[in-house]
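*Asks:* Heads up: the sequence shown runs through residues 1 to 290, numbered per UniProt numbering.
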Amino acid sequence: MANLVSLEKISLKNHPEIKEDLIQKFIFEHPESLGLGELTPIQRERIQPAGGRLDILMGTVDNDGRYEIEIQLGATDPSHIIRTIEYWDTEKKRYPQYDHCAVIVAEEITGRFMNVISLFNGAIPLIALQVSAYKVGDDISLAFTKVIDRVTPGTDEEDEYEITDRNYWENRSTKKIMKDVDAIFADLGQYTAGYELKYNKFYVGLAKDGIAKNFISFKPKKSFLHFIFKTNESPELSQKIEDAGLDVTYESRWRQYRVKLQNFDDYKKHEALIRECVETAMEYFNIAEG
Numbered sequence: 001m002a003n004l005v006s007l008e009k010i011s012l013k014n015h016p017e018i019k020e021d022l023i024q025k026f027i028f029e030h031p032e033s034l035g036l037g038e039l040t041p042i043q044r045e046r047i048q049p050a051g052g053r054l055d056i057l058m059g060t061v062d063n064d065g066r067y068e069i070e071i072q073l074g075a076t077d078p079s080h081i082i083r084t085i086e087y088w089d090t091e092k093k094r095y096p097q098y099d100h101c102a103v104i105v106a107e108e109i110t111g112r113f114m115n116v117i118s119l120f121n122g123a124i125p126l127i128a129l130q131v132s133a134y135k136v137g138d139d140i141s142l143a144f145t146k147v148i149d150r151v152t153p154g155t156d157e158e159d160e161y162e163i164t165d166r167n168y169w170e171n172r173s174t175k176k177i178m179k180d181v182d183a184i185f186a187d188l189g190q191y192t193a194g195y196e197l198k199y200n201k202f203y204v205g206l207a208k209d210g211i212a213k214n215f216i217s218f219k220p221k222k223s224f225l226h227f228i229f230k231t232n233e234s235p236e237l238s239q240k241i242e243d244a245g246l247d248v249t250y251e252s253r254w255r256q257y258r259v260k261l262q263n264f265d266d267y268k269k270h271e272a273l274i275r276e277c278v279e280t281a282m283e284y285f286n287i288a289e290g
């Protein structure tokens, strides 16, 4: 029978052998350890035009996003945050075709740091990860915890003034597809109780008491529909959906999965998986099941 044991936590900053370069090398070789989805390492110690070196540059597997990563042993400090934002801004201006996100990795994310970040996290896409180190025999294990997640700025698709009506969507797609949307929405009543469909210009979302809450949404087409749910990217979940034979895309910029469904029958065929996706989205939004 397995025994429960306590791990010995250690300080990386005060460790006589562990240096920042070693942590940097580990992250570069094991990007999955960050818990930010499937990333592709691009470059370490990337020289910046105005001086300095970006610790790590990584990209998304679909090559539409990039992460500018800075590492700090010990607690965060003002120079660390300024350096991270400067490097993010430089890369963003040099390569505007990508969706860029700054990432700070530190042993301690201080309260003061979190207060400062919260002031502009809506304008600057930034993720803060706290790294903890534990001694395991002669080795050291690293654990990364997301303390601050990226806040995605609002889009035209989310603006209230883009509200339309059902007739708009019946003309843009078809009455049959809209009936499939109705049927799926009703069948998910366990999760959508108290919500109503809200017809926007670019998608059909959800609203409760007149307030939009799009943990799931629909994008009806002429001969099929996209079922959309918001959450962080998960390689395991992506693979599970693909293994079910469904066409799926993760849109990192909007933090959402887009799953193609042919009709209501297609939904029923994969009902258990779709319900799992809905529950994942509700957990992401911290919504209790109705």
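Every residue gets a Cβ at the ideal spot worked out from N, C-alpha and C, and that includes glycine.
Whole angstroms are fine: how far does the CA of Gln256 sit from the CA of Glu107?
*Replies:* Here the question's residue 107 lines up with position 107 in the sequence shown. Here the question's residue 256 lines up with position 256 in the sequence shown. Looking at the two C-alpha atoms, the distance is approximately 29 Å.
*Asks:* Quick one: is Leu126 buried, meaning 16 or more other Cβ sit within 10 Å of its Cβ, or exposed?
*Replies:* Within the sequence shown, numbered from 1, the residue matching residue 126 stands at position 126. Counting Cβ neighbours within 10 Å, Leu126 comes out buried, since at least 16 surround it.
*Asks:* One question on the structure: do Ile177 and Pro220 come within less than 8 Å of each other, judged by their Cβ atoms?
*Replies:* Along the sequence shown, read from residue 1 onward, the residue named residue 177 stands at position 177. Along the sequence shown, read from residue 1 onward, the residue named residue 220 stands at position 220. The answer is yes: Cβ separation under 8 Å.
*Asks:* Could you check the C-alpha separation between Gly52 and Asn115 for me, to the nearest Å?
*Replies:* Walking along the sequence shown from the start, residue 52 turns up at place 52. Walking along the sequence shown from the start, residue 115 turns up at place 115. Gly52 and Asn115: Cα-Cα distance of roughly 26 Å.
*Asks:* Only counting the same chain, and skipping five residues up and downstream in sequence, which positions put a Cβ closer than 6 Å to that of Ala128?
*Replies:* What you label residue 128 is simply residue 128 of the sequence shown in a count that begins at 1. Cβ within range, chain order: Ile104, Ile109, Val147 and Ile148.
*Asks:* Do you know how far the Cα of Leu39 is from the Cα of Ser33?
*Replies:* Within the sequence shown, numbered from 1, the residue matching residue 33 stands at position 33. Within the sequence shown, numbered from 1, the residue matching residue 39 stands at position 39. The alpha-carbon atoms of Ser33 and Leu39 are separated by roughly 10 Å.
*Asks:* Relative to the alpha-carbon of Lys92, which residue among Glu170, Pro78, Gly37 and Gly59 has its alpha-carbon at the smallest distance?
*Replies:* For the purposes of this step, residue 92 is identified with residue 92 of the sequence shown, where counting begins at 1. For Lys92, the nearest C-alpha among the options comes from Gly59.
*Asks:* Please state whether the Cβ-Cβ distance between Gln97 and Ile56 is less than 8 Å.
*Replies:* Position 97 of the sequence shown, counting from 1, holds the residue named residue 97. Position 56 of the sequence shown, counting from 1, holds the residue named residue 56. No, the pair does not count as a contact, with Cβ atoms beyond the cut-off.
*Asks:* Mind checking whether the beta-carbon of Asn115 lies closer than 7 Å to any heavy atom of the ligand FMN?
*Replies:* You won't find the ligand FMN in this model; it holds no ligand whatsoever.
*Asks:* If I measure Cβ to Cβ from Thr155 and keep anything under 6 Å in the same chain, skipping five residues before and after, which residues do I get?
*Replies:* As a first step, residue 155 is located in the sequence shown; it is residue number 155 there, counting from the start. Bear in mind that a pLDDT of 47 at Thr155, under 50, signals an unreliable position, so the model cannot answer this.
*Asks:* Thr174: which of Lys222, Ser238, Arg275 and Arg44 sits nearest, CA to CA?
*Replies:* Locating residue 174 in the sequence shown gives position 174, where the first residue counts as 1. Comparing Cα positions, the closest option is Lys222.
*Asks:* In three-state DSSP terms, what is Phe229?
*Replies:* The residue labelled residue 229 in the question sits at position 229 within the sequence shown. DSSP places Phe229 in strand when its eight states are reduced to three.
*Asks:* Let me check understanding here. Comparing Cα to Cα, which of Asp247, Asn286 and Asn263 lies closest to Thr231?
*Replies:* The residue you call residue 231 lines up with position 231 of the sequence shown. When only C-alpha atoms are compared, the closest one is Asn286.
*Asks:* DSSP puts Met114 in a beta bridge; with which residues?
*Replies:* Position 114 of the sequence shown holds residue 114. BP columns for Met114 are empty, so no partner.
*Asks:* Following the continuous beta strand (DSSP E) through Leu73, name the residue where it begins and the one where it ends.
*Replies:* For the purposes of this step, residue 73 is taken as residue 73 along the sequence shown, with counting starting at 1. Counting along the chain, the beta strand (DSSP E) containing Leu73 begins and ends at Gly65 to Ala75.
*Asks:* Taking DSSP's pairing of strands, which residues face Phe144 in a bridge?
*Replies:* For this step, residue 144 is matched to residue 144 along the sequence shown. Per DSSP, Val131.
*Asks:* Mapping the DSSP letters down to three states, classify Ser217 as helix, strand or coil.
*Replies:* Counting from one through the sequence shown, the residue named residue 217 turns up at place 217. Looking at Ser217 - three-state DSSP - the assignment turns out to be strand.
*Asks:* In terms of residue numbering, what span does the beta strand (DSSP E) encompassing Gln43 cover?
*Replies:* As a working mapping, residue 43 is identified with position 43 in the sequence shown. Per DSSP, Gln43 belongs to the beta strand (DSSP E) from Leu39 to Ile47.
*Asks:* Name the DSSP beta bridge partners of residue 294, please?
*Replies:* Nothing can be reported for residue 294, as the shown portion of the chain is limited to 1 through 290.
*Asks:* Determine the burial state of Glu45: buried for a count of at least 16 other Cβ atoms within 10 Å of its Cβ, exposed for fewer.
*Replies:* In the sequence shown, the residue the question calls residue 45 occupies position 45. Classification of Glu45: exposed, given that the 10 Å Cβ count is below 16.
*Asks:* Since Leu73 and Leu22 should fall inside the 8 Å C-beta cutoff, what is the C-beta to C-beta distance between them, to a whole number of angstroms?
*Replies:* Start at 1 with the first residue of the sequence shown, and residue 73 comes out as number 73. Start at 1 with the first residue of the sequence shown, and residue 22 comes out as number 22. Not quite, the Cβ-Cβ distance comes to about 10 Å (not below 8 Å), so this is no contact.
*Asks:* Can you tell me which of Gly245, Gly35 and Pro78 puts its alpha carbon nearest to the alpha carbon of Ala143?
*Replies:* Position 143 of the sequence shown, counted from the first residue, corresponds to residue 143. Of Gly245, Gly35 and Pro78, the residue nearest in Cα terms is Gly35.
*Asks:* Relative to the C-alpha of residue 305, which candidate in Tyr284, Lys198, Leu246 and Arg275 has its C-alpha closest?
*Replies:* The first residue shown for the chain is 1 and the last is 290, placing residue 305 beyond what the model contains.
*Asks:* Given this structure, state the Cα-to-Cα distance separating Glu157 from Asn214, to the nearest angstrom.
*Replies:* Start at 1 with the first residue of the sequence shown, and residue 157 comes out as number 157. Start at 1 with the first residue of the sequence shown, and residue 214 comes out as number 214. Residue placement at Glu157 is flagged as unreliable, the pLDDT there being 43, under the threshold of 50; the coordinate-derived value follows with that caveat. Those two C-alpha atoms are separated by around 11 Å.
*Asks:* If you drop the 5 nearest sequence neighbours on each side, which residues of the same chain put their C-beta closer than 6 Å to that of Tyr195?
*Replies:* Taking the first residue of the sequence shown as position 1, residue 195 is located at position 195. So the qualifying residues of the chain are Leu206 and Lys208.
*Asks:* Starting from residue 310, follow the beta strand (DSSP E) in both directions and report where the run begins and ends.
*Replies:* Limits of the chain in this structure are 1 at one end and 290 at the other, which puts residue 310 out of reach.
*Asks:* I need the straight-line Cα distance from Ser6 to Ile140, nearest angstrom please.
*Replies:* If you number the sequence shown from 1, residue 6 lands on position 6. If you number the sequence shown from 1, residue 140 lands on position 140. Going by the C-alpha atoms only, they are around 14 Å apart.
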